[in-house]
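In what follows, a single structure is set out as structure tokens and then discussed.
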Amino acid sequence: MNEIADKYADKDIGSVFIYTHEAHPGENWRHHTSMEQKYRHARALRDVLGVTRPIYLDALDGACHEAWGAQPNMSFILTRAGAPVYKADWTHPPSVAEALESLVAVGERRQAGERLAPFKIERQEFRYQDSEGFQKGLERAGPQAVSDFAEMMKRFQVPQK
Amino acid sequence: MSEQDRISHYNYSTFGPQAGEALNWGSSPAIGKPASDFPVWDLDGNETSLSAIWSQHTYTVIEFGSLT
């Protein structure tokens, strides 16, 4: 997503990250009990995971995150007026890039004089499941995060790969 | 629910059924309709708002997430 942000910056497309609660709290990165702690975690997102986009924090009670769907890693593309033209319940960079390409093309076609009308579609998309990367993320959070997730998968009888 | 209860409920200490119950994609902002605005804070502690952010560009990509 950093690369997408850099690629489209000169097309007047901004890109930001909103820091939510910890989806998988563990001994190393615990659930938030204060904004000071949330700031520390958000700075680590920048310093440890290398997020280069501007990072903003939601309130401690997650008001924005909850109102916008509460998914752990969702993405939206909004107009200058604040209307979503793309939303995904999971961040999939190729999907976001495809949407941005389409939006940029719309702007160019309109500038060329084409009359275009918006319409809405809904469709199911698929993404590669990086189980190894996800497991590493849990391990980074701590042993509790690993065991909690394993317990949930057992509860729903989903075999872990 | 008191504010402290909301904070504790949202910031669960263990990943369990509570995490799934909170998911609410059905109420996410609708395509084409103005999204709800909220205050947010940058890493220096300066308060701004989503509307102040999305009004700066033709389009703005917003990703939600966390370290874990």
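Going down the list, the protein sequences come from chains A and B.
Reminder that position 48 of the first sequence reads as 48 in the working numbering, one-by-one numbering, no gaps.
Reminder that position 1 of the second sequence reads as 1001 in the working numbering, one-by-one numbering, no gaps.
The beta-carbon is built from N, C-alpha and C at its ideal position, and this holds for glycine as well.
Since the structure is predicted, the reported quantities are computational estimates derived from the model, not experimental observations.
Taking a beta-carbon distance threshold of 9 Å, Lys136 of chain A does not count as an interface residue toward chain B. If only complete runs of 4 or more residues are kept, the segment 69-121 of chain A shows the alpha helix (DSSP H) at 93-111, in order along the chain. Relative to Phe17 of chain A, the option among A:Leu45, A:Gln157 and A:Ser95 whose CA is nearest is A:Leu45.
The beta carbons of Gly26 of chain A and Gly107 of chain A sit no closer together than 9 Å. Beyond the five residues adjoining it in sequence on each side, Ala145 of chain A comes within less than 6 Å, by CB distance, of His24, Gly26 and Leu138 in the same chain, given in chain order. Contact between the segment 54-70 of chain A and the segment 1009-1024 of chain B is present, with at least three C-beta pairs closer than 8 Å. Apart from the 5 residues on each side of it in sequence, Pro1039 of chain B sits with its Cβ closer than 6 Å to the Cβ of Glu1047 and Ser1049 in its chain, given in chain order.
Within the segment 1005-1057 of chain B, the alpha helix (DSSP H) runs of at least 4 residues that lie entirely inside it are, in chain order, 1017-1021 and 1050-1054. Neighbours of Ala1052 of chain B in chain A, taken as residues whose beta carbon is under 9 Å from its own, are absent, since the nearest beta carbon is some 10 Å off. Rounded to the nearest whole angstrom, the CA to CA distance from Ile55 of chain A to Gly133 of chain A is 22 Å.
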